[in-house]
Each structure stands twice: as C-alpha cells, then as structure tokens.
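Numbering (the numbering used here), first residue to last: 16 to 350.
Here it is, written out as structure tokens:
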C-alpha cells in the first residue's frame, strides 16, 4: 500500500507542473492590461509604465513564470493587485463558504440520487425506471445558471419562501461571530438557533442548483452498478434461500455496488469544489468562485492565478484521496 501511495504521489508532480503552466499561459492570453485597469482610463502612459515595471509585467513570460513557480514553492501566492490583501488570506477566508456549499450539494446528490438509482434498478423497464432516468437526463442536461435563476424566481421572488442570495441575513449577522468560517457549525457552537435556521435557508437554493448534475450522475451510476450486481449468481442464490428482497438489496447488492458509486461521488465532490463559480455568482455566495470571477473582471492576475491553482490542487488532492480509498477497499487496484 505504501508503494502504491508513493507512486500516486510521484505521478502528481507532472500534473501539477502542467496545471501551473496552463494557468499561467491562459491568464496572460486574456486581453487587457491590469495596470490600466488598476489606474483607470485617465492614467498617463508614464504612470502605466511605472506600475507595469513595479508589478513585473514588463519581464519576459518565462521569467514571470519562473517567479510564479518560485512563489508557489514557498507557499507564497502573492497579493491582490486591487486590494493588496495576501491571496492565502483571501482563500482561507472564502474557502469555508465554498466547502460548505459543495458539501450541501453533494449531500443532496447522495440522499436523492442513490435511492432513485436503486429504485430504478429494482424496477427496471417500469414507469418508475423511466421516470427516474428521464429526470436524471433532464438534471444532467440543465445549465446550472438557468436552474439557479429559475429557483430564485420561483422560491424567492414569487413564493417568498427562501432568501435569494448571500449566506446570512443582515439582522442575524449582527449577532453572529464566525468561529471556523463554516456558518452552520459556528451557529451551532454559539447555540444561535435563529442564525442556524437563517444560514440553512440561505443554503437550500444554491445547494439544489449546484447538486442537480451530481444527483443525476449518481442516480445513473447507481442504477448501472445495481443492475450488474443483481445479475450475479450469489444474488440469485440469496433469493433462492428465501431472504427478503430488502435485505438482499441493502446487505448483499448495495454493498458491492458501492465501489463505483463512492468513486463517482468523490470525483463529483472535487468537481463541485472547483466548479461552483456560476452558482456562487448567481446567488452572491461569498466563496472562492465569486472571488475568482471578480478577479477575472478586474484583470487581477495574482488573484486568478492563486485562486485557480488552489482549486486545481484541491481537485487533484480529492482525486488522490478517491484513488487511495478505492485501493484500500479493493486491493486488486494496487497491482
């Protein structure tokens, strides 16, 4: 197992290096000059030239890339050109919001997707199966931004059941002091149940919008895995012994179908952590995605570089953990 872990860690090095190069090159292909954006349209050419020199933008791209790699090796992601705040501090402040939202979205996908997939497999080729698979097809095809706007229009504007944006209401934020940055956990630690319900209400709509595609994928993978397991001889033997169907499903079938399902859940969670930019922007969610989006608009190179690198590293790390988990529960993967 240790040899397998070492090989997996070693294989990550070229991946991470490729990510740094890709992020750096793509960012510098974006039209626009951060010095001009920072100084405004009335800035003189001399002022722009001085600022470009100060920011190192006049140096050749290889030197800028080498400086970028040097900063990464010392865990220094630099400072925002616009705000002057260290990138690492911004990430540590905003990542809890993204993590909390992603966790809620994957929770929605699990509690709905797995039962739907199991039910579709057990009732194969019935109206239940058709309904579940049609729903999953719609879910995986629906654009997140369109679904987010639809949820806001229906549940926030028309029905006025849930708040349309933000993490907490202004009136509750006055009596709420974040401890860990995870608002649900913090509100429980402070025994502030008014804030807890308020945070939960703010979380529902973005979690539903973000969790729809993973829900559809989990449902389809669960159905496929269950159908394969249910066709095995030991399942027929269990039925021949007269065991109850629910016992066979939960104890024998689902346990063996869990391997591909758990893998896809892990990968989807990693994707959510890095792909919540649209959802966070629509719901004004103060996470890493919104921060990167604002950095792109402002041509804030250090923010976009640092933010995208962080998201990519999180995705790589989650994939590594999924691989290790898979190898742990199925030793054949190690060889």
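Beta carbons are placed, not taken as given, at the ideal position from N, Cα and C, and that holds for glycine.
With DSSP as the reference, label residue i as helix, strand or coil.
i: residue 60; result: helix
i: residue 317; result: helix
i: residue 275; result: helix
i: residue 101; result: strand
i: residue 94; result: strand
i: residue 300; result: coil
i: residue 291; result: coil
i: residue 175; result: coil
i: residue 108; result: helix
i: residue 73; result: coil
i: residue 264; result: helix
i: residue 258; result: coil
i: residue 205; result: coil
i: residue 270; result: helix
i: residue 67; result: helix
Can you have a look at residue i and say buried or exposed, based on whether 16 or more other CB atoms are within 10 angstroms of its CB?
i: residue 82; result: exposed
i: residue 306; result: buried
i: residue 266; result: exposed
i: residue 16; result: exposed
i: residue 217; result: buried
i: residue 33; result: exposed
i: residue 30; result: exposed
i: residue 255; result: exposed
i: residue 60; result: exposed
i: residue 91; result: exposed
i: residue 261; result: exposed
i: residue 298; result: buried
i: residue 321; result: buried
i: residue 330; result: buried
i: residue 21; result: exposed
i: residue 185; result: exposed
i: residue 283; result: buried
i: residue 227; result: buried
i: residue 182; result: buried
i: residue 172; result: exposed
i: residue 287; result: buried
i: residue 25; result: exposed
i: residue 316; result: buried
i: residue 109; result: buried
i: residue 235; result: buried
i: residue 134; result: buried
Going by CA-CA distance only, name the one from the options that's closest to residue i.
i: residue 193; options: 313, 261, 112; result: 112
i: residue 100; options: 318, 206, 338; result: 318
i: residue 246; options: 117, 264, 235; result: 264
i: residue 310; options: 338, 323, 124; result: 323
i: residue 271; options: 297, 287, 252, 244; result: 244
i: residue 206; options: 139, 191, 220; result: 191
i: residue 162; options: 321, 221, 125, 120; result: 221
i: residue 139; options: 44, 172, 164, 239; result: 239
i: residue 175; options: 166, 182, 181, 183; result: 166
i: residue 77; options: 328, 39, 282; result: 39
i: residue 326; options: 308, 280, 204; result: 308
i: residue 158; options: 314, 294, 313, 107; result: 294
i: residue 187; options: 145, 202, 313, 338; result: 202
i: residue 339; options: 69, 215, 281, 102; result: 281
i: residue 279; options: 121, 110, 134, 328; result: 121
i: residue 27; options: 342, 195, 337, 332; result: 332
How many whole angstroms separate the CB atoms of residue i and residue j, which I take to be in contact at a CB cut-off of 8 Å?
i: residue 150; j: residue 233; result: Contact doesn't hold; Cβ gap of about 12 Å is too wide.
i: residue 123; j: residue 223; result: 6 Å
i: residue 129; j: residue 237; result: 5 Å
i: residue 115; j: residue 197; result: 5 Å
i: residue 296; j: residue 304; result: 7 Å
i: residue 230; j: residue 127; result: 5 Å
i: residue 211; j: residue 199; result: 7 Å
i: residue 71; j: residue 79; result: 6 Å
i: residue 313; j: residue 97; result: 5 Å
Taking the alpha helix (DSSP H) that residue i falls in, what are its first and last residues?
i: residue 183; result: Element bounds for residue 183: n/a, residue is neither H nor E.
i: residue 195; result: It is not in any alpha helix (DSSP H) - residue 195 carries neither H nor E in the DSSP assignment.
i: residue 38; result: 17 to 44
i: residue 226; result: 208 to 245
i: residue 142; result: 142 to 156
i: residue 79; result: 76 to 88
i: residue 306; result: 303 to 312
i: residue 254; result: 248 to 255
i: residue 160; result: 159 to 166
Cβ of residue i less than 8 Å from any chain B Cβ?
i: residue 153; result: Protein chains in the displayed structure number just one, and chain B is not present.
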